[in-house]
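As you go down the protein sequences, you meet chains A and B in turn.
Following our numbering, the numbering of the first sequence begins with 108 at its first residue and continues without gaps.
Following our numbering, the numbering of the second sequence begins with 1341 at its first residue and continues without gaps.
Beta carbons: idealized from backbone N, C-alpha and C, even for Gly.
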Amino acid sequence: MADPMRIRAALAGDETTVRVLMAHIMEPGTRRDAAGALIPAHFIQDVDASHNGKSVLKAMWTGAVSQNPFLSFKFKGAAKGDKVVVKWVDNKRDTRTDEATIA
Amino acid sequence: MKSTRRSALKATGAFATLVSLGLVTQSQAQAAVDRASFSVKTLDDALKAIGGTPANSDQVTVVSPDIAENGAVVPVGVTSKLPNTTEIYIIIEKNPTPLAAAFMIPAGTAADVQTRVKMGQSTNVVAVVKADGKLFSATKETKVTLGGCGG
C-alpha cells in the first residue's frame, strides 16, 4: 500500500478548496535506466474525489503528471466537519483512498 | 458462452436502468475521452481525440510560469469562466505524449484545477475545456531550462 495522501480541505464562504499531495513515483515509461533499458510505466491513471458519496471531481492522468502529484480543486455545497474522500488507481491496479475533514 | 452473454445482457440492462433513472447521466455514462487517446503523439491528434478544434476563448485561463526551472515539476492551473464547463484538458504541446491530464467537473465543482506536470522542453501549455458540449481553449508558452521527461 502506498504512502498516505496529504489532504487539506478548507471552507471559505460557500466554497471548499481541497489541496491534495499524493505519494507516487509517476514513472512515465519513457525513461531509461543506467543500462539503457526502459523503466516500465507506473503512474496514477484515475483520481476520484467525493463528498458525502457524491463525486466532486474525476481526473484521468498520465505519466506526464509530476512525481508526488499535487492536485487542487474547489467545490460548493459542503459544510465544516464534512469529509472529502480522495481515491486514486494506478496503471498496475494499485489503489489508495484517503479522507480529510473540511476545516 | 451462455453465461457471458447472460451476464453481459444483465450488465447492459442494469446500466440502462441507471441511466433511465437519472442516477448516471448520459454524459457521465460516456467517458469524456477514452484512455487510448492519452497515447497520441501530437497536439492535433490530442484535439481530435478530445472532439475537435476548440475555439480560442478569453474566458479560459492557463496559469503556468513564464520560465520553469525544473521541467519535471511545472505547476499548471486552468480556470474557465464559461458556464457549464464539464471537462478540462491539459496538453503540453511538444511532450512525447501531449495529452497530460483530463478533469471531469460535475455540477457544483468549480472549473478551476491545479496540478503539476512534466515538460520536456519549452513549449505551449494548451488548456481545452468543454462547456455546454463545445470546445474552447487557451494557450500559454512556458520556457523550460531543464527538461522534465528524462531526456
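Check                                                                                                                         : Outcome
Distance CB(ALA1389 (chain B))-CB(SER1377 (chain B)) smaller than 8 Å                                                         : yes
Contact set for LEU128 (chain A): own chain, Cβ-Cβ below 6 Å, skip 5 residues either direction                                : ARG113, PHE177
Reduced DSSP secondary structure (H/G/I, E/B, other) of THR208 (chain A)                                                      : strand
Outcome for PRO1438 (chain B) when other beta-carbon atoms lying within 10 angstroms are tallied against a minimum of 16      : buried
Residue from A:ALA210, A:ALA171, A:SER162 with nearest C-alpha to ALA1450 (chain B)                                           : A:SER162
Neighbour-count burial assignment, LYS1381 (chain B), 16 or more Cβ in a 10 Å radius                                          : exposed
Whether VAL1403 (chain B) touches GLY1392 (chain B) by CB criterion (8 Å)                                                     : no
Chain-ordered neighbours of LYS1458 (chain B) on chain A, where CB pairs are closer than 9 Å                                  : MET133, PRO135, GLY170, ALA171, VAL172, SER173, GLN174
In chain order, each beta strand (DSSP E) run of at least 3 residues that lies wholly inside the segment 1411–1466 of chain B : 1414–1420, 1425–1432, 1439–1444, 1452–1457
Between the CA atoms of GLY143 (chain A) and VAL1453 (chain B) - distance to the nearest angstrom                             : 36 Å
Residues that PRO1405 (chain B) contacts on chain A, provided the C-beta gap is smaller than 7 Å                              : Ordered by position in chain A, no residue passes the 7 Å Cβ test against PRO1405 (chain B), which lies about 13 Å from the chain.
Start and end residues, alpha helix (DSSP H) containing LEU164 (chain A)                                                      : Not the alpha helix (DSSP H): LEU164 (chain A) falls in the beta strand (DSSP E), residues 161–168.
From B:ILE1431, B:VAL1413, B:ASN1424, residue whose alpha carbon lies closest to that of ASP1384 (chain B)                    : B:ILE1431
contact_flag[the segment 194–203 of chain A, the segment 147–162 of chain A] where n(CB pairs < 8 Å) is 3 or more             : yes
Cβ-Cβ distance between ASN1424 (chain B) and LEU1486 (chain B) below 8 Å                                                      : no
Rounded C-alpha distance that separates THR1479 (chain B) from ALA1372 (chain B)                                              : 21 Å
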